[in-house]
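Everything on this sheet refers to the single structure shown next.
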Amino acid sequence: MPTLALALICLLPLGRHDARLLGVAEKGVAYLYGTEVKRLEARELPRAAWYAPRSRWRAEKILAWVDEKVVPGSGCDAVLAFTAEDISTTKGSHVDWGVLGLANIGGPSGVVSTFRARRGARGERLARRTVNVVNHELGHVFGLDHHPEGDCIMHDAEGSVRTVDRESGLLCPASRAAVEQRLRTRLPSPDSFDWSAVLN
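Per our numbering, residue 1313 is the first one in the sequence shown, and the count goes up by one each step.
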């Protein structure tokens, strides 16, 4: 398999955000996907995404704004917005369902919120959750759907942030192979996620 340069992944701070967690997320992306990560200049959340009935932000409208206003001319192959504000989307019969993140399967954008990740977590636990959610949403950007293995980062959170705590931090072999095929490159394949390298 020929090795090509992996896509440039850009993280976009939006509105209120935790700069420390953003830094950890950058290191987590580089560790898992073996790619360059660039931080874009911070911006305000798009007003069109505000959902007044629940006082939070609609994730799919954030993605549409990122696709239209940020991706073109950025030089980025994937842009992941990062915020501490609460985000939501429509899920099944739920018109407004709070989520940890959302991404367009196949790219080019995703959004992650640390708002719900903070439930019952701080310090290292919160940092691990953040890295797992960011890498999960990037998996969707790279074309992955959810995977049934509970410790794979592509496992569906199923409405509970605690499921993220059971994830290993790694892509399962099938998911990693699918990303490698899509990007025509080799990803790092550690036996376990080196959290000390990412969190310190």
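Ideal Cβ placement from N, Cα and C applies to all residues, glycine included.
Residue i - containing beta strand (DSSP E), residue span
i       : result
ASP1389 : Careful: ASP1389 lies outside any beta strand (DSSP E) and carries neither H nor E.
ALA1429 : Note, ALA1429: premise wrong, no beta strand (DSSP E); not H, not E.
VAL1349 : 1349-1351
PRO1325 : 1321-1325
Contact set for residue i: own chain, Cβ-Cβ below 6 Å, skip 5 residues either direction
i       : result
LYS1373 : ALA1360, ALA1361
SER1504 : none
ARG1366 : ASP1408
ARG1368 : ASP1398, SER1400
Residue i versus residue j - alpha carbon distance
i       : j       : result
SER1487 : GLY1346 : 15 Å
PRO1358 : LYS1381 : 10 Å
LEU1324 : ALA1354 : 6 Å
ALA1396 : PRO1485 : 31 Å
ASN1416 : GLU1479 : 22 Å
VAL1349 : ILE1321 : 5 Å
The alpha helix (DSSP H) enclosing residue i, as first and last residue numbers
i       : result
LYS1381 : Careful: LYS1381 lies outside any alpha helix (DSSP H) and carries neither H nor E.
Identity of the residues DSSP links to residue i by a beta bridge
i       : result
LYS1403 : HIS1406
VAL1424 : PHE1394, GLY1413
ARG1370 : SER1400
Residue i burial status per 10 Å Cβ neighbour count (16 or more: buried)
i       : result
ASP1330 : buried
ILE1465 : buried
HIS1406 : exposed
THR1402 : exposed
Close-in-space but distant-in-sequence residues of the same chain around residue i (CB under 8 Å, 5 per side omitted)
i       : result
GLY1277 : Examination of residue 1277 is not possible in this model, given that the chain is present from 1313 through 1512 alone.
Close beta carbons around residue i, own chain, < 7 Å, minus the five adjacent residues each side
i       : result
ALA1469 : LEU1412, THR1475, VAL1476
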